[in-house]
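Encoded as structure tokens, the structure appears first; notes follow it.
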Amino acid sequence: MTVRCLNEDAEGSCRNVFRPWEARTQPVAQPLRSDPDDEELLLTVPFDGAVKLKAVCVIGGGEGRAPAKMRLFINRDDLDFSAAHAMAPVQEFELQQDNASGTVEYPTQVAKFGSVHTLTLHFQGTFGSDQSEITFIGLKGDFSERNRRAVEAVYELRPVPEDHKVPGMKQGGHFDVA
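With the sequence shown counted from 1, adding 3 to any position gets you my numbering.
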């Protein structure tokens, strides 16, 4: 699975906002923008393993196009706008309008974000524009690989008491008195 976004103006532009931390303030050729008449964005980020998410950093566009609110959902890769509106988020943030330097991080409630396999970010509203714009999203946390291996287990369909002899016990569960 790859990163996907509902209501993005240019298909695939959602992948451009995920860059290394050092490149967060560099201009991006094609930022993530919503449709011109609707400022909402629903961004789904799948991970190859489990992530303990500690903080999120969002840099929005200028001229009032930065998103005003971010709602986070975890381990739901089936969300659309109607489901996102109907559900309570795991955590919700009121975003700052001016974060061009990327110094503002939004800390998550780590106990709720301890084993994230899919992160969905729902951006709502702007600071005065009909179109929202995001130039950078940074995720801070710890990654651990998925351990999906076959488990080898041995069990007995019917126990055979002779295979499990206990000193001092006779057949039938009575103690052997010497």
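Heads up, the beta-carbon is just placed ideally off N, CA and C, and yes, glycines get one too.
- For residue 135, the number of other beta carbons within 10 angstroms of its own is at least 16, and it is reported as buried.
- Within the stretch 40-113, the complete alpha helix (DSSP H) segments at least 4 residues long are 84-89, listed from N- to C-terminus.
- The shortest CA-to-CA distance from residue 140 to any of 68, 11, 160 and 108 is the one to 108.
- The Cβ-Cβ distance between residue 150 and residue 121 does not fall below 8 Å.
- Where residue 125 is concerned, the enclosing beta strand (DSSP E) starts and stops at 119-129.
- About 6 Å separates the beta carbons of residue 68 and residue 129, which is inside the 8 Å limit, making them a contact pair.
- Non-local beta-carbon contacts of residue 16 in its own chain, meaning distances under 6 Å to residues more than five positions away in sequence, involve 33 and 35 in chain order.
- In the structure shown, residue 37 adopts extended strand secondary structure according to DSSP, grouped into three states.
- In the structure shown, residue 7 falls within a strand segment according to DSSP collapsed to helix, strand and coil.
- In terms of CA proximity to residue 111, 56 leads the group 21, 44 and 56.
- Between residue 168 and residue 154, the alpha-carbon positions lie close to 28 Å from each other.
- Here DSSP, grouped into helix, strand and coil, assigns residue 166 to helix.
- Take the alpha-carbon of residue 113 and the one of residue 62: they are about 22 Å apart.
- With respect to residue 123, residue 46 sits close: the two C-beta atoms are nearer than 8 Å.
- DSSP lists 53 as the beta-bridge partner residues of residue 147.
- For residue 25, the secondary structure class from DSSP, reduced to helix, strand or coil, is helix.
- Here residue 125 is buried: its Cβ has 16 or more other Cβ atoms, across all protein chains shown, within 10 Å.
- Your pair residue 43 and residue 132 does not check out as a contact, with CB atoms roughly 13 Å apart and the cut at 8 Å.
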